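Asks:
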Amino acid sequence: MKLSLAYLASIATVGASRTTCSKGRTAAIATCCVWYDVLDDLQTNLFEGKCGDDAHDALRLSFHDAIGFSRKDQSKCLINVHLDGSLIKFADIELDYAANEGLESIVMAERDLADAHGVSYGDIIQFAAAVSVRNCPGGPRISFMAGRPNATKAAVDGLVPEPFDSANTILARIQDAGLTPEELVNLLASHSIAVQEHVDPYQHTQMSHFRQFQIPPFDLTPGIFDNNFYRDTLLPGFITPGSTLHSGQVLSPFKGEFRLQSDFALSRDLRTAGRWLLLSLDPFLMASSFATSMAKMALLGQNPGILHDCSEIIP
Ligand code: CA
-2 MKLSLAYLAS
8 IATVGASRTT
18 CSKGRTAAIA
28 TCCVWYDVLD
38 DLQTNLFEGK
48 CGDDAHDALR
58 LSFHDAIGFS
68 RKDQSKCLIN
78 VHLDGSLIKF
88 ADIELDYAAN
98 EGLESIVMAE
108 RDLADAHGVS
118 YGDIIQFAAA
128 VSVRNCPGGP
138 RISFMAGRPN
148 ATKAAVDGLV
158 PEPFDSANTI
168 LARIQDAGLT
178 PEELVNLLAS
188 HSIAVQEHVD
198 PYQHTQMSHF
208 RQFQIPPFDL
218 TPGIFDNNFY
228 RDTLLPGFIT
238 PGSTLHSGQV
248 LSPFKGEFRL
258 QSDFALSRDL
268 RTAGRWLLLS
278 LDPFLMASSF
288 ATSMAKMALL
298 GQNPGILHDC
308 SEIIP
């Protein structure tokens, strides 16, 4: 009986320390409550709870915003901030960059969400990316820290790696942004739930018009966060999914699967091939490594002292 009373007392204490948010949900930190409302809005009005195009775009946006930073050229950044939401705040500038083609819709949608709920653009980008991964079966939970200040300066052009870049160019760029070759490979798990859109724009437009799921993905299961992407990239390629090969595209192993030149190069480069092979064999390591590297990327250049942990809001 003593034990039972102690147990009940401990529950009461824990319960009292949590803040009640909307719809009876609770949070350990009161300022995290707003993210329940953002989550409802995001899932209902944008993602529709699916691992679809908008979810894929949200993940892509997080990379493009985070990578717009250079350590060696400080003129290309402001106060060492990576994922700062500059792609939303300065959309009129950054959406004109070639590498950001196709991000218009998700940028506008996330801007409206952030404005409606009074959260920062850097936070909404990271939050939406973490939620998008959870909508895909097999997707890991990524921690979410809130409280990033809004960007005060646009990123410059030329910082986002392109699919036609060499492994040397991409690895140098990634290192300059503060990530290791191994972390780059970890992050490319995102291609397990991604489709090509602008390497072959004609094919994307045609496929979108007729049947959404036929937009060429980077593996044959773009709705599932699995390690097929790593495995497929290691296979020999002999098929052209569209009418011809485009800049940044190489031959694919399967009809309906699109292979980026950059993925092909990194899967065979001595600096990244070992990690690539390992992840192709171990889906659990792939999922945990992706979550760890995403969390690191989201915090690079940020001041942890002003952020608060709202990870519990991620589904
Ligand atoms: Ca997949």
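Position 33, counted from 1, in the sequence shown is what the working numbering calls 30; the numbers after and before it change by one each time, with no gaps.
C-beta atoms are modelled at their ideal positions from N, C-alpha and C, and glycine is treated no differently.
Keep in mind that this is a model prediction, so the values were computed, not measured.
1) Between P280 and E254, which are expected to be in contact by the criterion C-beta below 8 Å, what is the C-beta distance as a whole number of angstroms?
2) Among A143, T289, L257, which residue has its Cα nearest to the Cα of I310?
3) Where H53 and G245 are concerned, what is the direct C-alpha to C-alpha distance, given to the nearest angstrom?
4) Which runs of the alpha helix (DSSP H) spanning at least 4 residues fall entirely within the region 215 to 302, listed in chain order?
5) Compare the beta carbon distance of T230 and D260 with 8 Å and say whether it is the shorter of the two.
6) Return yes when the C-beta of N225 is under 7 Å from any heavy atom of ligand 1, and no when it is not.
7) What are the boundary residues of the alpha helix (DSSP H) that includes D37?
8) So does P219 have its beta carbon nearer than 7 Å to some heavy atom of ligand 1?
9) Under 6 Å Cβ to Cβ from L100, same chain only, skipping five residues before and after it: list those, please.
10) Closest Cβ-Cβ distance between A127 and chain B: below 8 Å?
11) Please state the DSSP three-state secondary structure of I311.
12) What residue range is occupied by the uninterrupted alpha helix (DSSP H) comprising E91?
13) In angstroms, rounded to a whole number, what distance separates the CA positions of R208 and V31?
14) Just verifying my parser: in three-state terms, what is the DSSP assignment at H195?
15) Run the proximity test for S249: is its beta-carbon closer than 7 Å to any non-hydrogen atom belonging to ligand 1?
16) For A152 versus G239, is the C-beta distance shorter than 8 Å?
17) Restricting to runs no shorter than 4 residues, where is the alpha helix (DSSP H) found entirely within the region 118 to 159?
Replies: According to the structure shown:
1) Between P280 and E254, the beta carbon gap of about 18 Å keeps them out of contact (Cβ cut-off 8 Å).
2) Closest in alpha carbon position to I310, among A143, T289, L257, is A143.
3) Cα to Cα, the separation comes out at about 20 Å.
4) Within the region 215 to 302, the complete alpha helix (DSSP H) segments at least 4 residues long are 225 to 231, 258 to 265, 270 to 278, 280 to 296, listed from N- to C-terminus.
5) Yes, Cβ-Cβ distance for T230 and D260 is below 8 Å.
6) Checking every heavy atom of ligand 1 against the Cβ of N225, one is found closer than 7 Å.
7) Element bounds for D37: 30 to 39.
8) Yes, ligand 1 has a heavy atom inside 7 Å of this Cβ.
9) Excluding its 5 nearest sequence neighbours in each direction, L100 has C-beta neighbours in its own chain below 6 Å: L58, listed in chain order.
10) Given the protein chain composition of this structure (a single chain), no chain B is represented.
11) Reduced to three states, the DSSP call for I311 is coil.
12) Taken as a continuous stretch (DSSP letters only), the alpha helix (DSSP H) holding E91 covers 88 to 91.
13) Confidence is the limiting factor: at R208 the pLDDT is only 45, short of 50, which leaves the residue's position unreliable and the question unanswerable from this model.
14) Looking at H195 - three-state DSSP - the assignment turns out to be coil, as it is neither helix nor strand.
15) If you check the C-beta of S249 against ligand 1, you find no heavy atom less than 7 Å away.
16) Their beta carbons are not under 8 Å apart, which means A152 does not touch G239 by this criterion.
17) Segments of the alpha helix (DSSP H) lying fully in the region 118 to 159: 118 to 131.
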